[in-house]
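Chemist:
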Ligand code: ADP
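In our numbering, the protein residues as written are 69 to 527.
Here's what the structure looks like:
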């Protein structure tokens, strides 16, 4: 039995029976059996069904937001934001389903026609994390279903309730058994079954780099296609020529979203030396007004960390930094509320090779580093095996262009702290993974390209 807790209060909020390996295999069987009919539907029919799912969930947005808040710990306003974000993917891919176009290619043979079609790659599977229990699911499911794939999804153990509620609404909208299946249980066991089944043609995974590597190794046996959205170590660079108020606003919202438990959270904040003091004062002032609390209330609050493991990691990283001589300018310890709450923390005096700079923090910790010039900061920003997102604030156009070319990341965000929406390609390079989610690039991950040469006919 999987017991689900509210991380803000520690209270039990639900129990979910774990699927046995036989039940997981039966879910895969249903997914495979449903593929021919689902992929054979007209694009417009799939689009209409996705649209019905979107509308049904939207009509009950508040119920989803409350569950999300209780299950994950993020505050109501953020939960509502996540639901809008996640619904955006269903809406987008309901449209995109109708636009999976092929090509005709000028022939190399007078007696032949050459065309390229795109076909759903088959039954697929997804494994999702707990930090966006709603959006991670809609982003993967809507894309797969739009392309004509059927999908088995394994949500994170901390947050299965949102996934099951989404499944319930999917069924009511006409997404039948087999077209979408949710399995919960032992992650390792389910991972082995999903990756080991040759009938599953792709795995889409969002989570840690360690588990991503393991799954990639498991998928190698059957050359299974993958989309991997793994860890990040985002640099956030503020130049002296930036609009400081905007930079502080962008930083605070990007850093405190979901209490810092986001793969695109600014992990290393580089501030140009000449403005460091002024910048610190503004960040402190902005964060001082923000409350730490459980999230079932109006207004933005910093919520708890999701579980003891995540909490202990933040404690360890900050304690290590303190022991190594970091200056604690704000916070630096568990919050007086107790439980899994941690104080928003601001640290300076850190080394580039400290664990705080090399590991994904996943907590409300602003780790500030100063730099002298552009060349130096680009080199330091790129000094990581990760490459998900890089942020920078500057008012210089030429510098913006240089940054966009030279920062090693799948996403470069200039003069904004906001990254995601359904219409853009989300994803990383280096050990942050491969493949893209969102936009028309996202659906390409779920189709294969078929070249057809048709000779011998009377053209
Ligand atoms: P996080 O540190 O964010 O929890 P994980 O990579 O551990 O990241 O978890 C992301 C998802 O991967 C979750 O759904 C989790 O259950 C799943 N997972 C963890 N270990 C494995 C594994 N060995 N095989 C398959 N899935 C796994």
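Glycine is no exception: its CB is placed at the ideal position from the N, C-alpha and C atoms. Remember, it's a predicted structure, so these values are computed and weren't measured experimentally.
Measuring alpha carbon to alpha carbon, tell me which residue in 504, 445, 477 and 483 is nearest residue 489.
Modeler: Per the Cα distances, 504.
Chemist: Checking the sheet assignment: what are the DSSP bridge partners for residue 336?
Modeler: Its beta-bridge partners are 303.
Chemist: Keeping to the same chain, check which residues put their C-beta closer than 6 Å to that of residue 148; ignore five residues upstream and five downstream.
Modeler: Contacts found: 133.
Chemist: Is residue 301 near the ligand ADP, going by C-beta to nearest heavy atom under 8 Å?
Modeler: No - the ligand ADP has no heavy atom lying nearer than 8 Å to the Cβ of residue 301.
Chemist: Should residue 121 and residue 71 be called a contact, given that it needs their Cβ atoms to be closer than 9 Å?
Modeler: The answer is no: Cβ separation not under 9 Å.
Chemist: Go ahead and pull the three-state DSSP assignment for residue 411.
Modeler: If DSSP states are grouped into helix, strand and coil, residue 411 belongs with coil.
Chemist: By DSSP, does residue 382 sit in helix, in strand, or in coil?
Modeler: Reduced to three states, the DSSP call for residue 382 is helix.
Chemist: If you draw a straight line from the C-alpha of residue 486 to the C-alpha of residue 209, how long is it?
Modeler: C-alpha separation (whole angstroms): 23 Å.
Chemist: Let me check understanding here. Comparing Cα to Cα, which of 455, 257, 131 and 260 lies closest to residue 202?
Modeler: The candidate whose alpha carbon is nearest that of residue 202 is 131.
Chemist: Bridge partners for residue 132 per DSSP, in chain order?
Modeler: Paired residue(s): none; residue 132 is not in a bridge.
Chemist: What are the start and end residues of the beta strand (DSSP E) that includes residue 518?
Modeler: Taken as a continuous stretch (DSSP letters only), the beta strand (DSSP E) holding residue 518 covers 515-523.
Chemist: Let's test the definition: count the other Cβ atoms within 10 Å of the Cβ of residue 226 and tell me whether it reaches 16, buried, or not, exposed.
Modeler: Its Cβ being crowded by 16 or more others within 10 Å, residue 226 is buried.
Chemist: Inspect the CB distances between the region 281-291 and the region 215-233 and report whether three or more fall short of 8 Å.
Modeler: Taking 8 Å as the limit for Cβ pairs, the verdict is that the region 215-233 does not touch the region 281-291.
Chemist: On the DSSP letters alone, give me the boundaries of the beta strand (DSSP E) that residue 80 sits inside.
Modeler: Residue 80 -> beta strand (DSSP E) spans 80-84.
Chemist: Alpha carbon to alpha carbon, how far is residue 137 from residue 378?
Modeler: Computed Cα separation, rounded: 17 Å.
Chemist: Under a three-way DSSP split, which group does residue 228 fall into?
Modeler: The answer is helix: DSSP assigns residue 228 an H, G or I state.
Chemist: State whether the region 372-389 contacts the region 466-474, with contact taken as three or more CB pairs (one from each stretch) at a distance under 8 Å.
Modeler: Contact between the region 372-389 and the region 466-474 is absent, because fewer than three Cβ pairs lie under 8 Å.
Chemist: Can you name the start and end residues of the beta strand (DSSP E) that residue 186 belongs to?
Modeler: Its beta strand (DSSP E) spans residues 180-188.
Chemist: Quick check on the burial criterion: 16 or more other C-beta atoms within 10 angstroms. Buried or exposed for residue 387?
Modeler: Residue 387 is exposed by the Cβ-count criterion.
Chemist: Cβ of residue 429 within 9 Å of Cβ of residue 459?
Modeler: It is not a contact, given that the beta carbons lie outside the stated cut-off.
Chemist: Give the straight-line distance between the Cα atoms of residue 234 and residue 125, rounded to the nearest whole angstrom.
Modeler: Looking at the two C-alpha atoms, the distance is approximately 8 Å.
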